[in-house]
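Heads up, the thing below is written out as structure tokens.
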Amino acid sequence: MSPGSTAVEVCEGSPWTFRNLYHDGFQGKFIAQYLDNVLTGIESVAVFFDNDAYGRGLRNAFVAEAEKIGLTLVASEAYERDSTNFKAQLTSIKAKNPDAIFISGLYTEASLIVKQGREAGITAQFFGADGVDSPDFLTIAGSAAEGTYLTTPFTFGAGGAEAQQMAANFETLHGVAPDTWAALTYDAVGMIKEALEKTYNAEASIEDNRKAIREHLASLDAPEKGYEGITGLTYFDIKGDTVNKPAYVKIVKDGQFVAAEKQLSELK
């Protein structure tokens, strides 16, 4: 049960793999539609992507949808993980004058891209994916992070009473507020706990108990059978991908991640 893997391939080809968040095929499409339908004045986009499976897969999903809905792709620049100097790529992108720049990668590089981009005089709207959803992005990028949008599988601002209680308990125990990934992990563990409670047989073999757990999770295949956790209702398709779990959008405001004023409720 993965609370953080979004690569499409994760649930391909194995009946033993499940996840309780969206995959990058959905996320890339969502970001393109948000830029087109929610933000104003976005007609041309550039992509900065991590040259690994996550970065390429998300980039490809975004580009396919962007081209489909009529956004103009003016540049696509790759970088390697752990890179620290992005000035050459940023100079190339700046010359194309895009309205928005989508960063398909993790916060470590994204924070430097945003910081160096603003230092280079780029005024385009930066937009990241869930790999940017880390407090360290704010620390590294500093004031340059202001106004950056990003997607996330969950935000506590959208959670109910149980989510708020979990957040309070977490902060009391650990001294820091929980992030998105803590919430998803909490639900993933909760689903496994429920599966164990409903299926465990002390007299059965390890193999049979494992099979029973898998079969229980696979049986959560419709809304009325799903698991209601703090991140919402989770149920699975035949591959083990979660169905109809939403994406949310955050923006950096006054040095903090907050829920964007406008959300995209469903995809076209």
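Numbering (the numbering used here), first residue to last: 3 to 270. Ideal placement from N, C-alpha and C gives every residue a C-beta, glycine not left out.
Item, Value
"Taking residue 105 and residue 97 to be in contact with their CB atoms under 8 Å, please state how far apart those CB atoms are, rounded to whole angstroms.", "Going by Cβ atoms, the distance from residue 105 to residue 97 rounds to 18 Å, so no, they are not a contact pair."
"Would you mind working out which of 140, 118, 188 sits nearest residue 5, comparing C-alpha positions?", "188"
"Excluding the 5 residues flanking residue 131 on each side, which residues of the same chain have their C-beta closer than 7 Å to its C-beta?", "29, 33, 60, 106, 152, 153"
"Could you tell me the distance, in whole angstroms, from the CA atom of residue 302 to the CA atom of residue 75?", "The structure shown does not extend to residue 302, since the chain spans only 3 to 270, so no value can be given for it."
"So if DSSP puts residue 252 in a beta bridge, which residue, or which two residues, is it bridged to?", "152, 261"
"Assuming residue 52 is part of the beta strand (DSSP E), what are its boundary residues?", "46-52"
"What separation, rounded to the nearest whole angstrom, lies between the Cα atoms of residue 231 and residue 156?", "12 Å"
"Tell me, which residues are paired with residue 235 by DSSP?", "230"
"Take residue 183 and list the residues in its own chain whose beta-carbon comes closer than 6 Å to its own, dropping the five residues that flank it on each side.", "6"
"Given residue 303, which residues of its chain have a CB within under 8 Å of its CB, disregarding the five upstream and five downstream residues?", "In the structure as shown, the chain begins at 3 and stops at 270. Residue 303 is therefore absent and cannot be evaluated."
"Please classify residue 109: is it buried, with 16 or more other beta-carbons within 10 angstroms of its beta-carbon, or exposed?", "buried"
"Could you give the first and the last residue of the continuous beta strand (DSSP E) run that contains residue 142?", "Looking at the DSSP string, residue 142 is not in any beta strand (DSSP E); the run it does join, the alpha helix (DSSP H), is 137-143."
"Which whole runs of the alpha helix (DSSP H) in the region 80-106 are 4 residues long or more, in chain order?", "89-98"
"The beta strand (DSSP E) spanning residue 32 covers which residue range?", "Premise fails: residue 32 lies in the alpha helix (DSSP H), 26-39, not in any beta strand (DSSP E)."
"Considering Cα atoms alone, identify which of 197, 208, 205, 135 is closest to residue 220.", "197"
"For the candidate residues 128, 93, 52, whose alpha-carbon lies nearest to that of residue 36?", "128"
"Inspect the beta-carbon positions of residue 31 and residue 77 and report whether they are closer than 8 Å.", "no"
"Between residue 57 and the rest of its own chain, which residues show a CB-CB distance below 6 Å, the 5 nearest in sequence each way excluded?", "51, 106, 107"
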